[in-house]
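These notes concern the structure reproduced below.
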Amino acid sequence: MSRAVTIELGEGGVHDARALRNAFGCFTTGVTVVTTLAEDGRRVGLTANSFTSVSLDPPLALICVDLKSSSLPALDAAGRFAVNVLHAEHQELARQFVQKDIDRFTGVETESWRTGVPILPGCMANFECETHHSFDAGDHRVYVGRVVKLRYDPDHEPLVYLQGRFRRVHVDAE
C-alpha cells in the first residue's frame, strides 16, 4: 500500500514544512564539508548536502548555505571555499562539522592549496573554488564557485544522505 502524500503549496500560503522536507529527503544527495577561512585566519567548516555541478566550461559548482548558519559571514568575506566530498567512512566527520560552539577542526588534518582554504585529505573529491557569484534564494544563500583546483579518488563508496539519515551505497567495481 502506497503512503504517497500530495500537498498543494500556494503562493505565500501556509504549507507543511515537514512534508516539504520529507519530499526533498526522497532525493539522495552526497555529503560534503564546505571549508573556508575567516578574516582572522580561523578555519571555518560546515557539513552540507546542497552541492552540485553547474558548468564544465567555465568550471562552476554551487553550494547552498542556510542564512542562519554561523559560517555565512566567513563565506561572504573570504570569496573562496572548498567542497570536500565525503566517503562512507566519514560519517563521524560529517557529524563533527554540524556541532555547535566547538572548534569543528579539532583532530582534523588539513592541507592548503592555491587559495589557502582548508582542504580535507582522504576525501572522495575536493574542489577548491573562488566565489564567482552569490545570491539569496529563500532561506539560503547560494554560492556559485569557479573551480580552480580539484582532486578525486573514486576508489571509495560514497557517503549519502536520504530521508534524514546517512546511508551507504554499494558501488560495483568495473
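UniProt numbering applies: residue 1 is where the sequence shown begins, and numbers increase by one.
Yeah, the Cβ is synthetic: ideal placement off N, Cα and C, and Gly gets one too.
Nearest neighbour of Pro154, chosen from Val85, Asp139 and Glu92 [CA to CA]
For the purposes of this step, residue 154 is taken as residue 154 along the sequence shown, with counting starting at 1. The option with the nearest alpha carbon to Pro154 is Val85.
**Request:** List in chain order: all unbroken beta strand (DSSP E) runs of 3+ residues lying wholly within the UniProt domain "Flavin reductase like" (24-168).
**Result:** 32-37, 43-48, 51-55, 60-66, 80-85, 125-137, 140-152, 159-162 and 165-168
Suppose contacts are defined by Cβ-Cβ distances below 7 Å. Is Pro158 in contact with Val147 by that definition? Walking along the sequence shown from the start, residue 158 turns up at place 158. Walking along the sequence shown from the start, residue 147 turns up at place 147. It is not a contact, given that the beta carbons lie outside the stated cut-off.
For Ala4, the three-state DSSP class (helix, strand or coil):
If you number the sequence shown from 1, residue 4 lands on position 4. Ala4: coil per DSSP, three-state reduction.
message = Quick check on Leu9: does DSSP put it in helix, strand or coil?
response = On the sequence shown, residue 9 is found 9 positions in, with the first residue counted as 1. Reduced to three states, the DSSP call for Leu9 is coil.
Practice prompt. Count the other CB atoms, across all protein chains shown, that sit within 10 Å of the CB of Pro73; report buried if there are 16 or more and exposed otherwise.
Written response: On the sequence shown, residue 73 is found 73 positions in, with the first residue counted as 1. Exposed: under 16 other Cβ atoms inside 10 Å.
- prompt: Just how far apart, CA to CA, sit Thr110 and Ile7?
  reply: Start at 1 with the first residue of the sequence shown, and residue 110 comes out as number 110. Start at 1 with the first residue of the sequence shown, and residue 7 comes out as number 7. So the alpha carbons of these two residues sit roughly 45 Å apart.
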